[in-house]
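Student: This is the structure, below, for whatever I ask next.
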Amino acid sequence: MAFQVTLAAVQEWLDDDMSLQTLKNQFTTQKIFDLIENKDAIDNDEALFEALMDVMYATRPEGVT
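Under this note's numbering, think of the first position of the sequence shown as 166, with each following residue one higher.
Below, the structure written as structure tokens:
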């Protein structure tokens with residue numbers, strides 16, 4: 166069976182990896198799932214983690230410039 170990005174897989178990463186805590190605190194699992202780009206291209210668990218990190222960086226506050 167091929168790897169598939171699912172809400173459950175996203176939730177598992179959010180629950181298990183502290184580096185994603187900021188993302189977990191900002192958005193619902195569904196919103197995070199919706200923000201993942203190119204879900205069909207993600208073919209393993211590590212690629213899903215990288216996609217979640219991309220979402221986290223893309224949604225981080227800009228701060229004062």
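Ideal Cβ placement from N, Cα and C applies to all residues, glycine included. Here the structure is a predicted model, which means the values were calculated and not measured.
1) Taking all protein chains shown into account, do 16 or more other C-beta atoms lie within 10 angstroms of the C-beta of M183, making it buried, or fewer, making it exposed?
2) Quick check on the DSSP output: what are the complete alpha helix (DSSP H) runs of length 4 or more inside the stretch 179–214, in order along the chain?
3) So what's A173 in DSSP terms, helix, strand or just coil?
4) For I207, which residues from the same chain have a beta carbon less than 6 Å from its beta carbon, with the 5 sequence-adjacent residues on both sides left out?
5) Identify whether A216 lies in helix, strand or coil by the three-state DSSP scheme.
Tutor: The answer reads as follows:
1) It is exposed - the Cβ of M183 has fewer than 16 other Cβ atoms within 10 Å.
2) 186–191, 194–200
3) helix
4) V170, L213, A216.
5) helix
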